[in-house]
Amino acid sequence: MAQQTENKFAYYLGNTMYINVTNLCTNRCKFCIRNSGDSVGGVKLVLDSEKFSHEDVIKEVKDTFSDKCREIVFCGYGEPLIKLEIVKNVAQFIKQNYQQIPVRINTNGHANLIHKRNIVPELVGLVDMISVSLNAENADLYAELASPAFEKSVAYEAVKDFIQECAKNGIETTATVVSGFESYKIDIKKCQEITEELGAKFRVREWLPQGYEN
Ligand code: SF4
Numbered sequence: 007m008a009q010q011t012e013n014k015f016a017y018y019l020g021n022t023m024y025i026n027v028t029n030l031c032t033n034r035c036k037f038c039i040r041n042s043g044d045s046v047g048g049v050k051l052v053l054d055s056e057k058f059s060h061e062d063v064i065k066e067v068k069d070t071f072s073d074k075c076r077e078i079v080f081c082g083y084g085e086p087l088i089k090l091e092i093v094k095n096v097a098q099f100i101k102q103n104y105q106q107i108p109v110r111i112n113t114n115g116h117a118n119l120i121h122k123r124n125i126v127p128e129l130v131g132l133v134d135m136i137s138v139s140l141n142a143e144n145a146d147l148y149a150e151l152a153s154p155a156f157e158k159s160v161a162y163e164a165v166k167d168f169i170q171e172c173a174k175n176g177i178e179t180t181a182t183v184v185s186g187f188e189s190y191k192i193d194i195k196k197c198q199e200i201t202e203e204l205g206a207k208f209r210v211r212e213w214l215p216q217g218y219e220n
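Numbering of the sequence shown is given in the working numbering, commencing with residue 7 and proceeding in unit increments.
1. So, for G84: in the same chain, excluding its five sequence neighbours on each side, which residues have a beta-carbon less than 6 Å away from its beta-carbon?
2. Examine the Cβ distances between the region 93-105 and the region 116-136 and report whether three or more of them are shorter than 8 Å.
3. Is R34 near the ligand SF4, judged by its Cβ being under 7 Å from some heavy atom?
4. Measure the CB-CB distance between L147 and K36 and report whether it falls below 8 Å.
5. Just to confirm, are I169 and A206 a CB contact at a threshold of 8 Å?
6. Going by C-alpha distance, which of T22, F208, N26, T179 is nearest E14?
7. What whole-angstrom Cβ distance do L140 and V79 have, given they're in contact under 8 Å?
8. How do the region 109-128 and the region 160-174 stand: do at least 3 beta-carbon pairs fall below 8 Å, yes or no?
9. Could you tell me whether the Cβ atoms of N21 and R76 are closer together than 8 Å?
10. Closest to E91 by C-alpha separation, out of C197, E171, V126, would be which residue?
11. Please list, in chain order, all residues of the same chain as G82 whose beta carbon is under 6 Å from its beta carbon, the five residues on each side excluded.
12. Give me the Cβ distance between G47 and L19, rounded to the nearest whole Å; I'm assuming they're in contact under 8 Å.
13. Suppose you measure from the CA of Y218 to the CA of V138; what does that come to, to the nearest Å?
14. What number of angstroms, rounded off, separates the C-alpha of R34 from the C-alpha of R40?
15. Quick one: using the 10 Å Cβ neighbour count with 16 as the cut-off for buried, is E157 buried or exposed?
16. Measuring from the CB of E85, is there a heavy atom of the ligand SF4 at a distance below 7 Å?
17. Determine the DSSP secondary structure at K50, reduced to helix, strand or coil.
18. Under 8 Å between C-beta atoms, does D73 make it to chain B?
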């Protein structure tokens, strides 16, 4: 049975509906918007409870959906693919009910480590685009910025493998780095080369303290 919570799962920034399914994450990024408060755009993204079902999220997506919606993005105060089954069920609902709306996931790329299997084929047909945080040009800088829960080389290689696997499976895949955060110097050119070798698009995100840009 679906559990009642005060959780806020779905919210808009402009014409994009964001779905926030967890506050759990396998990184602790220095630039994470979670470090600067519990809200984005006036919406409280700290969930009161991690115990809920895909029905709870679907109900809120239905209630929140409106004509202004142009894109739906799984992204919030945590790593969405930790809640893989919820993401898959909600994405399926979206594909069945709002066929015209593209679905994107913003992820840290650890999903195959977390679930100890290749989950990318499970996303095919449910997700149109995926944005994966590459963060850096090597494992040392990656670890310094993201403090992954896994050994640094394991985590960094897993992120690169995940990017490649998503691209190989026909999901429109973009690897991202954050620039302009404190004095960290990311080798953007090298990150772009790595991304191109993996078969994905590349995007630099300017660091914004209020966390608006995705
Ligand atoms: S991966 Fe995303 S949610 Fe997780 S700590 Fe980094 S910025 Fe925050």
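Yeah, the Cβ is synthetic: ideal placement off N, Cα and C, and Gly gets one too.
Straight from the coordinates:
1. T28, N29, L30, C31
2. yes
3. yes
4. no
5. yes
6. With the sequence shown as reference, residue 14 is identified as Lys, and Glu is not the correct amino acid for it. Nearest C-alpha to K14: N26.
7. That pair is no contact at about 18 Å.
8. yes
9. yes
10. V126
11. N26, L51
12. 5 Å
13. Only weak support is given to the placement of Y218: the predicted model assigns it a pLDDT of 46, under 50, and the value that follows is read from those uncertain coordinates. Near 17 Å, if we compare the C-alpha coordinates of V138 and Y218.
14. 9 Å
15. exposed
16. yes
17. strand
18. No chain B is part of this structure, which consists of one protein chain only.
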